[in-house]
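*Asks:* Got a structure for you, questions after.
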Amino acid sequence: SEHPLAAALIAAAGDPARFSVSESHNAPGQGVEALLDGRRMRVGRPDYVAALAAEPLPDLDDEASTAIALGDDQGLLAIIYLRDSLREDAAEMVAALRALGVGVEIVSGDRAAPVAATARALGEIPWRADQSPEQKLAYVRELQQQGQRIAMIGDGINDAPVLAGADVSLAVGSGTHVAQASADMLLMSARLMPLAEAVRVARRTTTVIKQNLIWALVYNIVAIPVAAAGVVAPWMAALGMSISSLIVVMNALRLR
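Be aware that the sequence shown starts at 100, since it is given in the numbering used here, and climbs by one per residue.
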């Protein structure tokens with residue numbers, strides 16, 4: 100699996116023992132099922148794993164962590180608890196986006212408790228938990244129908260559909276290949292603040308483009324009739340056009 104949690108488990112295990120794996124099947128938003136040395140097993144969400152043995156889901160001890168279960172057709176074998184850590188500048192990035200008037204929300208496939216804890220750490224932002232890839236995409240469609248423009252940031256295989264459906268999508272460089280292929284842009288830096296800076300630059304660029312278009316329109320409305328009427332000499336008209344172009348270029352250079 101290319102899921103970030105799978106990568107974390109593999110990294111923690113070091114050099115795991117090799118098994119004969121066959122009939123591997125990835126269930127988006129749920130987990131992975133496969134034959135392991137001829138034994139059918141599942142790893143992923145506890146409810147998904149427990150369903151293989153048709154047994155009730157046990158109480159989870161650590162509600163604030165993400166629970167990953169391992170089991171076979173006889174029942175659960177293990178539950179691993181993983182606690183997310185925020186990127187160093189995540190809260191700063193959220194605050195910067197909010198200051199720019201950009202709404203920020205978490206839509207996650209994780210359980211409610213860890214998602215709520217993350218939302219609190221980021222400044223009490225709205226959140227949705229236990230969302231399947233289809234539910235994430237449906238929520239984005241709902242917001243788009245309300246006239247909102249949606250930018251999606253994701254890194255997992257479960258984010259691929261909603262990355263493709265958002266107006267603008269960005270995948271984290273350390274994410275899965277599927278997520279990267281579905282996104283419009285790729286964030287190679289470990290820092291998140293460039294996202295807020297990108298919004299600022301985009302808005303300034305739009306403002307400068309509008310200023311240049313207005314200047315060009317006004318100049319041509321005034322200059323073309325004057326030049327056509329012979330009020331100014333040809334060399335003066337040529338000089339005026341050059342000065343107009345220079346003004347446009349100098350205005351655009353303010354973006355540097």
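The beta-carbon is built from N, C-alpha and C at its ideal position, and this holds for glycine as well.
1) Can you find a heavy atom of the ligand COA that lies under 6 Å from the Cβ of Ala-152?
2) In whole angstroms, give me the CA-to-CA distance for Arg-303 and Tyr-180.
3) Under three-state DSSP, which class holds Leu-338?
4) Can you tell me which of the three DSSP states Gly-170 falls into?
5) Applying the 10 Å Cβ sphere with the 16-neighbour rule, what's the burial state of Asn-257?
6) Could you give the residue range of the beta strand (DSSP E) that holds Ile-308?
7) Using C-beta distances below 8 Å, list every residue in its chain close to Asp-146, excluding the 5 sequence neighbours before and after it, in chain order.
8) For Asn-125, write down the residues that DSSP places opposite it in a beta bridge.
9) Whole angstroms are fine: how far does the CA of Trp-314 sit from the CA of Met-192?
10) Would you identify the three-state DSSP class for Ile-224, choosing helix, strand or coil?
11) In the DSSP assignment, the beta strand (DSSP E) including Ala-250 goes from what residue to what residue?
12) Could you tell me if Ile-320 is buried or exposed, where buried requires 16 or more neighbouring beta carbons within 10 angstroms of its beta carbon?
13) If you draw a straight line from the alpha carbon of Ala-133 to that of Ala-126, how long is it in whole angstroms?
14) Could you round the C-beta distance between Ala-152 and Gln-129 to whole angstroms and report it? I think they count as a contact, below 8 Å.
15) In whole angstroms, what separates the C-alpha of Gln-230 from that of Gly-208?
16) Suppose contacts are defined by Cβ-Cβ distances below 7 Å. Is Arg-182 in contact with Ser-164 by that definition?
17) Is DSSP giving Met-287 helix, strand or coil here?
18) How about Leu-169 and Val-201: do their beta carbons lie closer than 7 Å?
19) Among Pro-260, Pro-232, Ser-268, Lys-235, which has the Cα closest to the Cα of Arg-248?
*Replies:* In brief:
1) The ligand COA is absent from the structure shown, which contains no ligands of any kind.
2) For this step, residue 303 is matched to residue 204 along the sequence shown. For this step, residue 180 is matched to residue 81 along the sequence shown. Rounded to the nearest angstrom, the two C-alpha atoms are 44 Å apart.
3) To locate residue 338, count along the sequence shown from 1; it is residue 239. In the structure shown, Leu-338 sits in a helix (DSSP, three-state: H, G or I).
4) Reading the sequence shown from its first residue, position 71 is the one you call residue 170. Of the three classes helix, strand and coil, the one that applies to Gly-170 here is strand, per DSSP.
5) Position 158 of the sequence shown holds residue 257. By the neighbour-count rule (16 or more Cβ atoms within 10 Å), Asn-257 is buried.
6) In the sequence shown, counting from the first residue as 1, residue 308 sits at position 209. Per DSSP, Ile-308 belongs to no beta strand (DSSP E); it is in the alpha helix (DSSP H), 292-327.
7) Residue numbering aside, residue 146 sits at position 47 when the sequence shown is read from its first letter. Result list for Asp-146: Leu-156, in chain order.
8) Numbered from 1 along the sequence shown, position 26 holds the residue referred to as residue 125. For Asn-125, which the question treats as bridged, DSSP gives the partners Val-131.
9) For this step, residue 192 is matched to residue 93 along the sequence shown. For this step, residue 314 is matched to residue 215 along the sequence shown. The alpha-carbon atoms of Met-192 and Trp-314 are separated by roughly 35 Å.
10) What you label residue 224 is simply residue 125 of the sequence shown in a count that begins at 1. The answer is coil: DSSP assigns Ile-224 none of H, G, I, E or B.
11) Here residue 250 is taken as the residue at index 151 of the sequence shown, counted from 1. Start and end: 250-253.
12) By one-based count along the sequence shown, residue 320 stands at place 221. That one is exposed.
13) On the sequence shown, residue 133 is found 34 positions in, with the first residue counted as 1. On the sequence shown, residue 126 is found 27 positions in, with the first residue counted as 1. Cα to Cα, Ala-133 sits roughly 11 Å from Ala-126.
14) Looking up residue 152 in the sequence shown gives position 53. Looking up residue 129 in the sequence shown gives position 30. Contact doesn't hold; Cβ gap of about 15 Å is too wide.
15) The residue labelled residue 230 in the question sits at position 131 within the sequence shown. The residue labelled residue 208 in the question sits at position 109 within the sequence shown. Looking at the two C-alpha atoms, the distance is approximately 4 Å.
16) Looking up residue 182 in the sequence shown gives position 83. Looking up residue 164 in the sequence shown gives position 65. In this structure, Ser-164 lies closer than 7 Å to Arg-182 by Cβ.
17) Here the question's residue 287 lines up with position 188 in the sequence shown. Coil, per DSSP.
18) Taking the sequence shown and counting its residues from 1, one reaches residue 169 at position 70. Taking the sequence shown and counting its residues from 1, one reaches residue 201 at position 102. Against a cut-off of 7 Å, the Cβ pair of Val-201 and Leu-169 comes out as no contact.
19) As a working note, residue 248 is residue 149 in the sequence shown. Comparing Cα positions, the closest option is Ser-268.
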